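Colleague: FYI, the numbering for the sequence shown is 13 to 1088, going by the working numbering. Ideal Cβ placement from N, Cα and C applies to all residues, glycine included. This one's a predicted model, so the numbers in the text were calculated from it and none came from an experiment. Sharing a structure, written as C-alpha cells. Questions coming.
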Amino acid sequence: MLSLQVNNRLNDNKAILASPYRAYKSATQGSRRNLSAYTARHHSARQTMSIIEMLASISLLIVSIFFYLTINTKSRASSKSDPDLPKSYPLIGSSVAIFANRKRLIQWTSDLIRNSPSATVVLHRFLDDSRVVTGDPANVQHMLKTQFQNYEKGSKSRRILFDFLGNGIFNIDGDSWKFQRQLSSHEFSTKSLRKFVETVVDTELSQRLIPILSDAAANNAVLDLQDILQRFAFDNICKIAFGYDPAYLLPDLPEAGFAKTFDEAAKISSGRFNSVFPYLWKIKSFLNIGSEKRLKEASSQLREFAKNIIKEKKQQISNNSSLESVDLLSRFLSSGHSDEDFVTDIIISFLLAGRDTTSAALTWYFWLLSQNQEVEKKVLREIEEKSESPVYEEVKDMVYTHASLCESMRLYPPVPIDSKVAKQDDVLPDGTVVKKGMRVSYHPYAMGRLEVLWGSDWEKFRPERWLESATDGANKVGKWRFVGRDPYTYPVFQAGPRICLGKDMAFLQMKRVVAGILRRFKVVPVAEEGFEPVFVAYLTGKMQDGFPARYPSIHQLRRHHLLTDQTMAVAELLASIALLLVSIFIYLTKSSKSRTSSIPNPKAPKSYPLIGSSFAIFANRNRRIQWISDLIQSSPSATVVLHRFFLDDSHVLTGNPANVQHMLKTQFQNYEKGSQTRRALFDFLGNGIFNINGDSWKFQRQLSSHEFSTKSLRKFVETVVDIEVSQRLIPILSAAAASNAVLDLQDILQRFAFDNICKISFGYDPSYLLPGLPEAEFAKTFDEATMISSNRFNSVFPYLWKIKKFLNIGSEKRLKKASSKLREFAKNIIKEKKQELSKNSSLETVDLLSRFLSSGHSDEDFVTDIIISFLLAGRDTTSAALTWYFWLLSQNQEVEKEVLREIEEKSESPVYEEVKDMVYTHASLCESMRLYPPVPIDSKVAKHDDVLPDGTVVKKGMRVCYHPYAMGRLEVLWGSDWEKFRPERWLESAPDGANKNGKWIFVGRDPYTYPVFQAGPRICLGKDMAFLQMKRVVAGILRRFKVVPVAEEGFEPVFVSYLTGKMKDGFPVRFEERSD
C-alpha cells in the first residue's frame, strides 16, 4: 500500500511538472546539452573581452589619476542632496572611498543609507556603471513585487557565481528560475519533508550538539559557537538535501573535506562581489592563478562529489523502487529529474542557503541573548513550558522565541544585502532614476537600523516590538500574539515571487536549537569587558574571528546562585547577633501583646518583640507536629499565625479546607516553594520536582505525568512489587514467625520500599531487604541526608544550620558528604544505563531512568535531581503509611477481620482489577493516613500580598503551611469520633449488584479536606501507584501473618516528623502464622 501511494504521488508530481519542465528544457536545452562546450566557448570569450577591457582601461586610469590630482567633480551619488556621500571622480567614481571602507563595506553603506533623506544612494565604481543602494521599503516592494519582471539577477552576478552555483535557483532568471521555483515549492510544501526535517534536527541535536556542549561544560572548555553551529547546520542540510551525513559535528571537530571545499568556494565567490576593481578577479581567472585557481579546483571537487552522491542515489532508487524518498535529492530523482548538472546546481544552492543562513542567524542570536539577560530569561521561561523534545505545534507556539529570532535578524540579517539588475529604464518610487543595466541593491542590514522604520530605540534588542498582549484565550500561549512586519520593511527572507521557500523550515530548526541549548546551558562569551563583535559579509553575514564561548550547565549555575544566597544568609546572621542582644533586653523588661492571630485563641503562644514565639517553639521542639495540631484545633478559624526568630517572617498554619483550596488551586500561581525551602532542601534534592517552581516545575511535571500515565509503567510496578513481596518480604517474615523473633516492622517496610523504588526509578537493586538485614551504604546515606535536611526546617533558630554549613562543621559537614555520595552514586548508575542503551537501542525501557534517557533527557544533573525526588517520595511515604496502618490494625481487631475477609476473597497474587476492588482495604488505608499522614505538614510562600478565605492577612514572602495531621483531627471535618479508627466513614452500603464487591462503595473526600496526596496542579502523580503497592503488601502480609506489637499494655507510639512522618524508636513486632 505504501509503495502504491508513493508511486501514485510521484506520477502526480510528474504530471504537475511535465509542462513547465518541457518549457524549462526548451529554454535551457542548448546550454545543458553540452555544458562543457558552452562553458569553454562562452566563458573563454567573456574572459578574453575582459582582458581587452582591462588593457584599454589602463590608459583611462592614467587620465583619471590626472583628473583626481587636479580637479574634483561634483558628487554624482544621488539626485538628492546628501553631504555624507563619498566624492565621485571621473572614471574611477567612488573607488577611493570604497577601497578605504573595503573592510566594513556593509557598515559603511548602511551609514550612507541612514544619512540619506530618501534612504537611497547611488555609488559609482571603477569603470563600472552606477549602482543604487536602497533601504526604502517602497523601493524594495517596487523591485521585488510591482516591477518584478524588470529586475533580474543580471549577467554580471551570474558570471560571478557561476563557477560555484552554476544554474542553480539562486543564480538564474526567467523560465529556468520559474521551473526550479515551481519544482522546489512543491516539495517544500509537503508535510513529509517537514517531518523529515524535524527528525534530522532532533537527531543531530540530541546525539551530537548537546553531548559536545555537555563535555565542554564539564571541562569548562572554550568552543567557537559559530563553528559549532556551522557544523551542525552543514550536517543537517546535507542530510536533508542529499541524504548524506558528512559527520562534520563530532567531538573532535574534524576537518571534513566536503565542508572545507564548500567554505572556500563560498568565500572566494563572495570576494568577487566585494572587489573594488572587479576586473582583477577576471584577470586571475583567465590566468588561472591565486584565489581563482583555488575556486576552480574547489568548484570542480564540489561538483564531482555531488555527482558521485547523485549516481549512488540513482542506483539505490533503481535497485529498490519502493525506497522512501525523504531527502530532496531522492524526491527530485523520483520525480523524473535525472539530469546530473541540473540536480547538482539546485542541490548546491540549497546547501548554501540551509547552512550559512541558519548558522549565521543563530550565532548573532546567542550573542544578543548573552548581552540581554531579561530577554534570555523570558525565552527560557517559554522553552521550559514545552516538552524537552517539543512537537511541531509546541514549536509553533513559541511566540516569544520567534519574536526574539526576528529581532536578532533585524539587527544582523543572514543575507545583509541583495541586488538585482534593471532590464529596462525605470524610476523608483522615491524618484531615483534607474538606467537599463544598472544594479539596484536593497540593504536589510541598513533597513534594520532605520529610525523611521523601527523607532528611536532601533539599537535595542527588544523582541516586544514584534508582539502585542493577547487577551485570555486569544491564542494558545495566552500572553503574546506575534505581529509580523511586511516583507518589504523586513526583507530578511526576501519578498515577492522570490520569497524564501525555506523560511518555515529555518524557524523550525532555529527554535529547536535554541530550546535544546538554552534548556541545558548558558552561553557565556569569552571576551573582554565592552567587546563588540564585528559583522562581516561574505555571501552571508558572519561574526569576524568566530564566537568563542563557555557553556556552563544551567543546573551548575543554579547551584552557584543558591550557594551565594546561603553566604548572604550567613552574613545576615552575623549582623543579627547585635540585634539579638537588644531583643534579650526588651524581653527582660517588658513583653508585648501576642501577635499570634487576629482571631482570639487562648492557647496561642505569647509573641515577643524580635524573637517572636521562639521560646514556645523551643519548649515544644520534641512534639512540634502535635503542638501545632493542638493550636489549630483550638483556633476558631483552624488557623494560627506564629512568629519565629526575628529575621524570619510570620508563619501562617492552617487546617481550614477553604484556605487549603485557596493556596493549592484558586491562587496556585501566588504560592510557591520559596527560596528558604529551596535552600533548605537544595543540597539533598537539587532542582528536583519537589524543590522547584514555575516553568522548571511545569516541565518536570509534564515529563513525569506522561510516564506515570503509561500502562507499561503500571505493569512494571506490579511485577517489581510482587517479586519483592514473594521472594524477600514473605520469606523474612516466615523465618521470624518460625523463630518467634522480634523485627522492627518500620525498618522492614523501609527496606522493602527502598528496594522497590530503586528498581522502579533506576532499574537498580540495592538488595536492602535480605535475611541478614544488611547495612546498605546507599540507603544509609539517603537516610542521613533526609534527616539532616528535615532538621533544617525544624530548627528554632534557622540561621544556625547556615553557620554550620558556612563553616562546614557538624551535621552540615555530614550532609555535604552524604549528598555528594548520593549524587556520585546516582550519576554512576546513569552512566551505566546510558552505556546499556547505547549498546542496545532495542533494550526495553521499563524503569523511569531508562524512559527519561530514551526520551532524550541526557543531562546528568537534571536526571539525578528528578530521580532522587522520586526515591524520597516512593520510599518514605509508603513505608510510613504502612507502619502506622499495621499499628492501627493491631489495636482494632474488627477492622483487621474485615480487611482479612476482603483479602481472602481475592487471588493469592491478585491481578490489577482485583486490587482495585479491595474497597474496604482502600478505605482503611485512607483512614489510617487521616490520622497519621505520611507528609504531616507542607508549606508554600506567598509571592504577593493576599487574604485567605477565613480573613487571615498574608503578606508577600510570608510562609503559609497547611497541616494534614491537624486536619485529620478536626471535629468539624470528621465528627466527634475523629479519634476512632473507623474505615466505614469512607464507605456507604451498596445495593446488590452496585459493584463487584457487593457490599461497599468507596466515598472519597475532596482533596482540600484530605490533602494527604496534596491537591490542585501539584497533586501526587504516584497516588495510584502508592495504593497499588500498599494493598499488595497488606494482602501479602495479612493473608499469612498476624502482626503483634511487642509493647507494654497501654503503650502509645509517638509520631515524629522529618520530611515524612515516622514512628519514634521503630515498631517492634512478632509475626504469628495464620492457620488455614
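Taking the beta carbon of residue 572 as the centre, do at least 16 other beta carbons fall within 10 Å, making it buried, or is it exposed?
Modeller: The residue labelled residue 572 in the question sits at position 560 within the sequence shown. At residue 572 the pLDDT is 47, less than 50, meaning the model places this residue with poor confidence; the figure from the coordinates comes in the next sentence. Burial call: exposed.
Colleague: Just mark residue 913 as buried or exposed, buried being the case when its beta carbon has 16 or more other beta carbons within 10 Å.
Modeller: As a position in the sequence shown, residue 913 is number 901, starting the count at 1. Under this definition residue 913 is an exposed residue.
Colleague: Using a Cβ-Cβ cutoff of less than 6 Å, which residues in the same chain neighbour residue 318 once the five nearest sequence positions on both sides are dropped?
Modeller: The residue given as residue 318 occupies position 306 in the sequence shown. Here the set comprises 356.
Colleague: Using 10 angstroms around the beta-carbon of residue 957, count the other beta-carbons present and answer buried if the total reaches 16, otherwise exposed.
Modeller: The count along the sequence shown starts at 1 and reaches residue 957 at position 945. So residue 957 counts as exposed.
Colleague: On the CB-based measure, 16 or more other CB atoms within 10 Å of its CB, does residue 469 come out buried or exposed?
Modeller: Here residue 469 is taken as the residue at index 457 of the sequence shown, counted from 1. Label assigned to residue 469: exposed.
Colleague: Is it true that the CB of residue 414 sits closer than 8 Å to the CB of residue 523?
Modeller: In the sequence shown, counting from the first residue as 1, residue 523 sits at position 511. In the sequence shown, counting from the first residue as 1, residue 414 sits at position 402. Yes. Within cutoff.
Colleague: Can you grab the Cα-Cα spacing for the pair residue 499 / residue 829, in whole Å?
Modeller: Within the sequence shown, the letter at position 487 stands for residue 499. Within the sequence shown, the letter at position 817 stands for residue 829. Each residue's Cα considered, the two are about 59 Å apart.
Colleague: Is the segment 516-536 close to the segment 215-224, with three or more CB pairs under 8 Å?
Modeller: yes
Colleague: Can you tell me whether DSSP reads residue 555 as helix, strand or coil?
Modeller: Position 543 of the sequence shown, counted from the first residue, corresponds to residue 555. Residue 555 falls in the strand class under three-state DSSP.
Colleague: Contact between the segment 224-240 and the segment 371-388 is defined here as three or more beta-carbon pairs at a separation below 8 Å; is this criterion met?
Modeller: yes
Colleague: I need the straight-line Cα distance from residue 995 to residue 939, nearest angstrom please.
Modeller: Translated into positions along the sequence shown, residue 995 becomes position 983. Translated into positions along the sequence shown, residue 939 becomes position 927. Each residue's alpha carbon lies about 6 Å from the other.
Colleague: Under the rule that 16 or more other beta-carbon atoms within 10 Å means buried, what is residue 1086, buried or exposed?
Modeller: As a first step, residue 1086 is located in the sequence shown; it is residue number 1074 there, counting from the start. Flag for residue 1086 reads exposed.
Colleague: Please report how far the alpha carbon of residue 763 lies from the alpha carbon of residue 708, in whole angstroms.
Modeller: As a first step, residue 763 must be located in the sequence shown, where it is residue number 751. As a first step, residue 708 must be located in the sequence shown, where it is residue number 696. Our two residues, residue 763 and residue 708, have alpha carbons roughly 32 Å apart in a direct line.
Colleague: Starting from the N-terminal side, write out each stretch of the alpha helix (DSSP H) that is 4 residues or longer and does not extend beyond the segment 325-367.
Modeller: 340-346
Colleague: Tell me the rounded alpha-carbon separation between residue 1027 and residue 888.
Modeller: As a position in the sequence shown, residue 1027 is number 1015, starting the count at 1. As a position in the sequence shown, residue 888 is number 876, starting the count at 1. Distance between the alpha carbons of residue 1027 and residue 888: 19 Å.
Colleague: How is the alpha helix (DSSP H) around residue 952 delimited, first residue to last?
Modeller: Translated into positions along the sequence shown, residue 952 becomes position 940. Taken as a continuous stretch (DSSP letters only), residue 952 belongs to no alpha helix (DSSP H), being part of the beta strand (DSSP E) at 950-954.
Colleague: How big is the Cα-Cα spacing for residue 1092 and residue 879?
Modeller: What is shown of the chain runs 13 to 1088, which leaves residue 1092 out entirely.
Colleague: Taking its Cβ as the centre, do 16 or more other Cβ atoms sit within 10 Å of residue 904, making it buried, or is it exposed?
Modeller: Here residue 904 is taken as the residue at index 892 of the sequence shown, counted from 1. Answer is buried; the Cβ neighbour count reaches 16.
Colleague: Taking only three categories from DSSP, how would you classify residue 976?
Modeller: By 1-based counting over the sequence shown, the position of residue 976 is 964. Residue state, collapsed to three classes: helix.
Colleague: Say the cut is 7 Å; is the CB of residue 504 nearer than that to a heavy atom of the ligand COA?
Modeller: In the structure shown, the ligand COA is absent, as is every other ligand, since no ligand is present at all.
Colleague: What does DSSP give as the partner residue(s) for residue 523 in the beta ladder?
Modeller: In the sequence shown, the residue the question calls residue 523 occupies position 511. DSSP output for residue 523 lists no bridge partner at all.
Colleague: Can you tell me the Cβ-Cβ gap for residue 126 and residue 135, rounded? I've got them flagged as a contact below 8 Å.
Modeller: Residue numbering aside, residue 126 sits at position 114 when the sequence shown is read from its first letter. Residue numbering aside, residue 135 sits at position 123 when the sequence shown is read from its first letter. No, residue 126 and residue 135 are not in contact; Cβ-Cβ is about 15 Å, not under 8 Å.
Colleague: Leaving out five residues before and five after residue 1109 in sequence, what residues of the same chain have Cβ atoms less than 6 Å from its Cβ?
Modeller: In the structure as shown, the chain begins at 13 and stops at 1088. Residue 1109 is therefore absent and cannot be evaluated.
Colleague: Any idea which residues DSSP pairs residue 756 with across the strands?
Modeller: Against the sequence shown, residue 756 aligns to sequence position 744. Residue 756 is bridged to 1080.
Colleague: How is the beta strand (DSSP E) around residue 1054 delimited, first residue to last?
Modeller: Here residue 1054 refers to the residue found at position 1042 when the sequence shown is read from its first residue. Note, residue 1054: beta strand (DSSP E), 1053-1057.
Colleague: Is residue 313 helix, strand or coil by DSSP?
Modeller: In the sequence shown, the residue the question calls residue 313 occupies position 301. Reduced to three states, the DSSP call for residue 313 is helix.
Colleague: Taking Cβ positions, are residue 756 and residue 767 nearer each other than 8 Å?
Modeller: Residue 756 sits at position 744 when you count from the first residue of the sequence shown. Residue 767 sits at position 755 when you count from the first residue of the sequence shown. Cβ atoms of residue 756 and residue 767: not closer than 8 Å.
Colleague: Helix, strand or coil, according to DSSP, for residue 967 in the structure here?
Modeller: As a first step, residue 967 must be located in the sequence shown, where it is residue number 955. Residue 967 falls in the coil class under three-state DSSP.
Colleague: CB-CB under 7 Å to residue 1042, same chain, minus the five flanking residues each way: which ones, in chain order?
Modeller: Position 1030 of the sequence shown, counted from the first residue, corresponds to residue 1042. The answer, listed in chain order, is 890, 893, 894 and 937.
Colleague: Buried or exposed for residue 359, please, with buried defined as at least 16 other CB atoms from any protein chain shown within 10 angstroms of its CB.
Modeller: Numbered from its first residue, the sequence shown carries residue 359 at position 347. Buried, because 16 or more other Cβ atoms sit within 10 Å of the Cβ of residue 359.
Colleague: So if DSSP puts residue 166 in a beta bridge, which residue, or which two residues, is it bridged to?
Modeller: Walking along the sequence shown from the start, residue 166 turns up at place 154. Per DSSP, none; premise fails for residue 166.
Colleague: Could you tell me if residue 276 is buried or exposed, where buried requires 16 or more neighbouring beta carbons within 10 angstroms of its beta carbon?
Modeller: If you number the sequence shown from 1, residue 276 lands on position 264. If you draw a 10 Å sphere on the C-beta of residue 276, you find 16 or more other C-beta atoms in it, and that means buried.
Colleague: So, at 8 Å on beta carbons, what are the nonlocal neighbours of residue 448 in its own chain, with the 5 sequence-adjacent residues on each side left out?
Modeller: The residue given as residue 448 occupies position 436 in the sequence shown. Only 434, 435, 436 and 437 meet the Cβ criterion.
Colleague: In three-state terms, what does DSSP make of residue 779?
Modeller: On the sequence shown, residue 779 is found 767 positions in, with the first residue counted as 1. The answer is coil: DSSP assigns residue 779 none of H, G, I, E or B.
Colleague: Would you list, in sequence order, the uninterrupted beta strand (DSSP E) runs of no fewer than 3 residues that lie entirely inside the segment 622-710?
Modeller: 651-654 and 663-666
Colleague: By the 10 Å Cβ neighbour count, where 16 or more other Cβ atoms means buried, how is residue 1084 classified, buried or exposed?
Modeller: Indexing the sequence shown from 1 puts residue 1084 at position 1072. The residue in question, residue 1084, is exposed, as its Cβ has fewer than 16 Cβ neighbours within 10 Å.
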